[in-house]
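Undergrad: Residue numbers (this note's numbering): 25 to 271. No residue lacks a Cβ here, since even glycine has one placed at the ideal position from N, Cα and C. Handing you a structure now.
Here it is in structure tokens:
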């Protein structure tokens, strides 16, 4: 059954009515050609979903009747993992957000480090964020996730380190780490409530950034003998963490 989203305030449980507005409503009726009494699945983006029947469509407002309320436990565990990704060039960030959404990431924090290649100005700041949020939204629909991950505003590396105290396990990937790899950490750590992992830009993190990260309590890890592209590393780490901790 196809999944569609609407804002939580558009779900009127007492009246057993759900409203969908604008382009989403138009897409359902005009493009997909759903009709009255057709059954669709609607989510509030927070893990709740509803089997609904289409009732009416007028002035780009789609009215649906709730048939059955559901809760999605599949997203409850995955919502504990947060990716902090140094901004990459070209469409690599698009790829990371799309695939990490499919794999169940809770949120993505784009950040700027010393070796970040793309120039991020205040002008394209908002454009990039809106684009990434749209990708997360569309990927959630495609993969039938009922929780849309947050794509947070771009921050500095220093701000990111300050936020790392909110996590039980915080990792920073560093290709020059010789003593500890990802496997060592995740197989020896108790299952954390919240995990943060940092992936650097194309040129990796500087020695000074690693020093600051360790001082802030992050654990530096490598991925073993192979060097992966940033976009590959992000998806690899998320997959491994999800599997090992059974989120």
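CA-CA distance, residue 64 and residue 124?
TA: One C-alpha to the other measures close to 25 Å.
Undergrad: DSSP state of residue 240, grouped into three classes?
TA: Coil, per DSSP.
Undergrad: By alpha-carbon positions, which one of 180, 197, 188, 166 ends up nearest to residue 256?
TA: For the residues 180, 197, 188, 166, the minimum Cα distance to residue 256 belongs to 197.
Undergrad: What is the rounded straight-line gap between the Cα of residue 101 and the Cα of residue 168?
TA: Any answer about residue 101 is weak, because its pLDDT of 48 lies below 50 and its placement is not dependable; what the coordinates show is given next. Each residue's alpha carbon lies about 16 Å from the other.
Undergrad: Considering only their Cβ atoms, is the gap separating residue 132 from residue 177 smaller than 8 Å?
TA: It is not a contact, given that the beta carbons lie outside the stated cut-off.
Undergrad: Take every Cβ of the stretch 186 to 202, pair it with every Cβ of the stretch 212 to 227, and state whether three or more of those distances are shorter than 8 Å.
TA: Touching, yes, given that three or more Cβ pairs across the two stretches are closer than 8 Å.
Undergrad: Could you compute how far the alpha carbon of residue 36 sits from the alpha carbon of residue 265?
TA: Roughly 37 Å separates the two Cα atoms.
Undergrad: Mapping DSSP to helix, strand and coil, what is residue 37?
TA: It is coil, neither helix nor strand.
Undergrad: Could you tell me which of 268, 179, 86, 238 sits nearest to residue 54, measuring between CA atoms?
TA: It is 86.
Undergrad: Given that a residue counts as buried once 16 or more other Cβ atoms are within 10 Å of its Cβ, and exposed if not, what is residue 233?
TA: It is buried - the Cβ of residue 233 has at least 16 other Cβ atoms within 10 Å.
Undergrad: Can you tell me whether DSSP reads residue 123 as helix, strand or coil?
TA: It is helical.
Undergrad: Ignore the nearest five residues each way along the sequence and tell me which others in residue 82's own chain have a CB closer than 6 Å to its CB.
TA: Here the set comprises nothing.
Undergrad: So what does residue 135 bridge to, in DSSP terms?
TA: The partner list for residue 135 (beta bridge, DSSP) reads 110, 179.
Undergrad: Since residue 263 contacts residue 127 with CB under 8 Å, what's their CB separation in whole angstroms?
TA: So it is a contact: roughly 6 Å between Cβ atoms.
Undergrad: Opposite residue 85 in the DSSP bridges: which residues?
TA: Residue 85 pairs with 45, 82.
Undergrad: Ordered along the chain, which non-local residues of its own chain (more than five positions away) have a Cβ less than 7 Å from that of residue 236?
TA: Result list for residue 236: 185, in chain order.
Undergrad: Is it right to say residue 158 is buried, meaning 16 or more other beta carbons lie within 10 angstroms of its own, or is it exposed?
TA: Exposed, since its Cβ has fewer than 16 Cβ neighbours within 10 Å.
Undergrad: Taking just the CA atoms, how far does residue 50 sit from residue 78?
TA: Looking at the two C-alpha atoms, the distance is approximately 13 Å.
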